[in-house]
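Comments concern the structure below.
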Amino acid sequence: MQGFFLDRDGVINCERADYVKTWDEFTFLPNVLPALRRLATLNLPIVVISNQSAIGRGLVARATVDAIHQQAQAIIAEAGGRVDDFFVCPHHPALHCACRKPQPGLLEQAAARFKLDLPECLFIGDAITDFQAAKAAGCQSILVKSGRQGAQLQQLMTTDNPAPIVADLAAAVELILSLEQRNYV
């Protein structure tokens, strides 16, 4: 494994139907901070990959989203974890850009910046578009049920090579650590 990509809304923080537009609307999901602390022990890049169409819809400024990410990074660091960078698609979905998941553009940008081989990376997401982006980029993936699509993930997974589906980020990290331990024993 060379690195980890994580979706934001529904994996790290509570997903809102009306988008996270201020720091006050950003709420860490339960067990996320300890999970990020555990994931950081692997000493591999941890990068958030997130569609933030609220920017393109004119609901929030890019600078505000960046400030939310800086605040989240500081709290994660205080808890002993880390996020090395945030890659954001700010575009409205109607633009059909190459960086909006399920397209692999953000994953490719992050891989280039951190010099990662995408098939050696893992993407943890909460939506079928996260799985599709990972597959398009050649990444491995794990899906978590902590987002708004959680209850429907099993029905949405219609591929011969499905991703594991677990409860939340803490369960995904537990799975990763158990697999890492098996590879080294």
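With the first letter of the sequence shown counted as 1, position 80 gets the number 79 in numbering that gives the first Met the number 0; the numbers rise by one all the way through.
Don't be surprised by glycine CBs; every beta carbon is placed ideally from N, CA and C.
Exclusion of the five residues before and after HIS68 leaves PHE85 as the residues of its chain whose Cβ lies within less than 6 Å of its Cβ. Taking a 10 Å sphere around the C-beta of ALA136, we find 16 or more other C-beta atoms and assign the residue as buried.
Secondary structure note for VAL82: it is in no beta strand (DSSP E), with a DSSP letter that is neither H nor E. Collapsing the DSSP output to three states places SER140 in a strand. Annotation: the segment 82-134 contains the following complete segments of the beta strand (DSSP E) (minimum length 3 residues), in chain order: 84-88 and 120-124. In this structure, ARG81 and LEU35 form a Cβ contact; the two beta carbons are roughly 7 Å apart against a cut-off of 8 Å.
The C-alpha of CYS13 is placed about 18 Å away from the C-alpha of VAL172.
Of the candidates TYR18, CYS96 and ILE75, TYR18 places its Cα closest to the Cα of THR63.
For GLY2, the enclosing beta strand (DSSP E) stretches over residues 2-5. For ILE11, no beta strand (DSSP E) run applies, since DSSP gives it neither H nor E.
Counting along the chain, the unbroken beta strand (DSSP E) around SER49 starts and ends at 45-50. Here the C-alpha atom of LYS100 lies approximately 16 Å from the C-alpha atom of LEU152. The bridge partners DSSP lists for PHE27 are ASN12.
Residue burial is scored here from C-beta neighbours: GLN51 has at least 16 other C-beta atoms within 10 angstroms and is therefore classed as buried.
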